[in-house]
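Everything below concerns the one structure shown next.
Residue numbers (this note's numbering), protein chains in the order written: chain V, 1 to 258; chain Y, 1001 to 1139.
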């Protein structure tokens, strides 16, 4: 970890360490006592990075990032929320257990510093099973799932790519102020909003207290986006958000990030 | 048993399709009466959320009509619509709502007869599909 600090010439390091017997994110400056550093971060570092960056000024920051963090950071810089020149990534490869938990198809960061890459299967059994069902069975399944939602907004607040200032789902036009469940449309609206930026980190599914298979839904939508537009979110190559801009347009002068 | 009469919502853009609908009316073209037209300033202002909300509350079909590609009053509005609405239909298909319930078409201000044709065909198609299953589902 220290090596990455010196190698990358960063002023700050965002990582995680043991605090009170649990894992917690920590922002270290050069020469700080590192403590007991951990790599098994149970949430998205990209999410924490976005909250830390406004207070850093011109400091350069190094982040311990998995492949999904890396993709999320790419999506954030596309929308002008981060300056990718000031951020260096310390690639963390997920182990086999973590990969199978997320049913991840792309676990290997572009540059690995910690750990070793694990081979991942390109197909997801949960998604395949759902797509094999008939359309009425699928409706029955998802209705039952969406009924469990208790509108905790855990999926929204833990999502690394949910960064709109004003959330549409907090408007009473789309989400009733009183009563749960919030209706059939709630999770579909979220899917549409994330369609061109979801990085399949699985944070929504892990945060969900009702165990709604949100990751499967996200993967299905991402597959559609790939089929329709040949677009994969989080690749460093495309420079513009897919659904809000035209091909090759930048976000300049366009404040509607959603 | 009475015949199934679908409830259909049509978003028409102010500059082309709404004028097209007007023309169809002026020409007294006959068409099904179960379509509710919502005038919007551009087909790109039809957020996917509106389509999803309408369907989740029991509307049988949603029609989005805009200017032809290249004719948009706001230059590139309908390019965005052309990306969003097919994606919305696909997402709805994934959770068990037939993607044929959402339709995107282009009708210009001079195409009163095309407006009639699009409406008639869509109503027939929705009649074939039957009522929206979500009409029965209460949350």
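We put the beta carbon where it would ideally sit given N, CA and C, even for glycine.
Because the structure is a prediction, the values reported are computed rather than measured.
Status (buried if at least 16 other CB within 10 Å, exposed otherwise) for residue i
i	result
residue 110 of chain V	exposed
residue 166 of chain V	exposed
residue 253 of chain V	Below a pLDDT of 50, predicted positions are generally treated as unreliable, and residue 253 of chain V, at 43, falls in that range; no measurement from the model is reported.
residue 256 of chain V	Any reading at residue 256 of chain V is ruled out, since the residue's pLDDT is 45, under 50, leaving its predicted position unreliable.
residue 1135 of chain Y	exposed
residue 1020 of chain Y	buried
residue 211 of chain V	exposed
residue 1122 of chain Y	buried
residue 1025 of chain Y	exposed
residue 226 of chain V	exposed
residue 250 of chain V	Unreliable positioning characterises residue 250 of chain V in this predicted model, as indicated by a pLDDT of 49, which lies under 50. A coordinate reading is not provided.
residue 58 of chain V	exposed
residue 131 of chain V	exposed
residue 1103 of chain Y	buried
residue 1028 of chain Y	exposed
residue 32 of chain V	exposed
residue 230 of chain V	exposed
residue 134 of chain V	exposed
residue 96 of chain V	exposed
residue 1016 of chain Y	buried
residue 1018 of chain Y	buried
residue 55 of chain V	exposed
residue 1083 of chain Y	buried
residue 186 of chain V	buried
residue 1033 of chain Y	exposed
Span of the beta strand (DSSP E), counted from its first residue to its last, around residue i
i	result
residue 1136 of chain Y	Unbroken run through residue 1136 of chain Y: none, as it is neither H nor E.
residue 29 of chain V	22 to 29
residue 1008 of chain Y	1008 to 1013
residue 1039 of chain Y	1035 to 1040
residue 89 of chain V	87 to 91
residue 1103 of chain Y	1102 to 1106
residue 1066 of chain Y	1061 to 1066
residue 64 of chain V	61 to 65
Cβ-Cβ distance between residue i and residue j below 8 Å
i	j	result
residue 1060 of chain Y	residue 1133 of chain Y	no
residue 1109 of chain Y	residue 1023 of chain Y	yes
residue 1077 of chain Y	residue 1043 of chain Y	yes
residue 146 of chain V	residue 184 of chain V	yes
residue 49 of chain V	residue 66 of chain V	no
residue 62 of chain V	residue 13 of chain V	yes
residue 1052 of chain Y	residue 192 of chain V	yes
residue 195 of chain V	residue 1087 of chain Y	yes
residue 84 of chain V	residue 8 of chain V	no
residue 1119 of chain Y	residue 1101 of chain Y	no
residue 1096 of chain Y	residue 215 of chain V	no
residue 86 of chain V	residue 234 of chain V	no
residue 23 of chain V	residue 41 of chain V	yes
residue 168 of chain V	residue 1124 of chain Y	no
residue 224 of chain V	residue 1090 of chain Y	yes
residue 1035 of chain Y	residue 1011 of chain Y	no
residue 101 of chain V	residue 158 of chain V	no
Span of the alpha helix (DSSP H) around residue i
i	result
residue 1126 of chain Y	1112 to 1129
residue 12 of chain V	From DSSP, residue 12 of chain V is part of no alpha helix (DSSP H) but of the beta strand (DSSP E) over 12 to 19.
residue 219 of chain V	214 to 229
residue 129 of chain V	125 to 132
residue 1094 of chain Y	1077 to 1094
residue 32 of chain V	No alpha helix (DSSP H) contains residue 32 of chain V, which DSSP labels as neither H nor E.
residue 135 of chain V	135 to 147
residue 1054 of chain Y	1048 to 1056
residue 190 of chain V	185 to 194
residue 47 of chain V	45 to 52
residue 156 of chain V	154 to 157
residue 164 of chain V	Taken as a continuous stretch (DSSP letters only), residue 164 of chain V belongs to no alpha helix (DSSP H), as it is neither H nor E.
residue 97 of chain V	96 to 102
residue 1025 of chain Y	1017 to 1026
residue 203 of chain V	203 to 207
Checklist entry - Do the stretch 139 to 153 of chain V and the stretch 203 to 213 of chain V meet, that is, are 3 or more Cβ pairs less than 8 Å apart? => result The stretch 139 to 153 of chain V, when compared against the stretch 203 to 213 of chain V, does touch it at the 8 Å Cβ threshold.
Checklist entry - So, do the stretch 70 to 86 of chain V and the stretch 186 to 199 of chain V have three or more beta carbon pairs nearer to each other than 8 Å? => result Contact holds: three or more Cβ-Cβ distances are below 8 Å.
Checklist entry - Residues in the stretch 1063 to 1096 of chain Y with C-beta within 8 Å of chain V's C-beta atoms, listed in sequence order? => result Within the stretch 1063 to 1096 of chain Y, the qualifying residues are 1076, 1079, 1080, 1083, 1084, 1086, 1087, 1088, 1090, 1091, 1092, 1093, 1094, 1095 and 1096.
Item to check | Contact between the stretch 1062 to 1069 of chain Y and the stretch 1093 to 1113 of chain Y (3+ Cβ pairs under 8 Å) | outcome: A contact exists between the stretch 1062 to 1069 of chain Y and the stretch 1093 to 1113 of chain Y.
Checklist entry - How do the stretch 213 to 226 of chain V and the stretch 120 to 127 of chain V stand: do at least 3 beta-carbon pairs fall below 8 Å, yes or no? => result Enough Cβ pairs lie closer than 8 Å, so yes.
Next on the checklist: Any C-beta of chain Y within less than 7 Å: which residues of the stretch 164 to 198 of chain V qualify?
Outcome noted: Answer set for the stretch 164 to 198 of chain V: 168, 174, 181, 183, 184, 185, 188, 189, 191, 192 and 195.
Next on the checklist: Please list, in chain order, the residues of the stretch 139 to 151 of chain V that have any C-beta partner in chain Y closer than 8 Å.
Outcome noted: Answer set for the stretch 139 to 151 of chain V: 139, 140, 141, 142, 143, 146 and 147.
Item to check | Residues in the stretch 49 to 61 of chain V having any Cβ partner in chain Y nearer than 7 Å | outcome: With the criterion set as a beta carbon lying under 7 Å from some beta carbon of chain Y, the stretch 49 to 61 of chain V has no members that meet it.
Checklist entry - Mind listing which residues of the stretch 1046 to 1058 of chain Y have their C-beta closer than 7 Å to chain V's C-betas, in chain order? => result Here the close residues are 1048, 1049, 1052, 1053 and 1056.
Next on the checklist: Any C-beta of chain Y within less than 8 Å: which residues of the stretch 8 to 30 of chain V qualify?
Outcome noted: Going along the stretch 8 to 30 of chain V in chain order, one finds no residue with a Cβ nearer than 8 Å to chain Y.
Next on the checklist: Under 8 Å, CB to CB, which of the residues in the stretch 1013 to 1042 of chain Y have a partner in chain V?
Outcome noted: So the list is empty, because no residue satisfies the distance condition.
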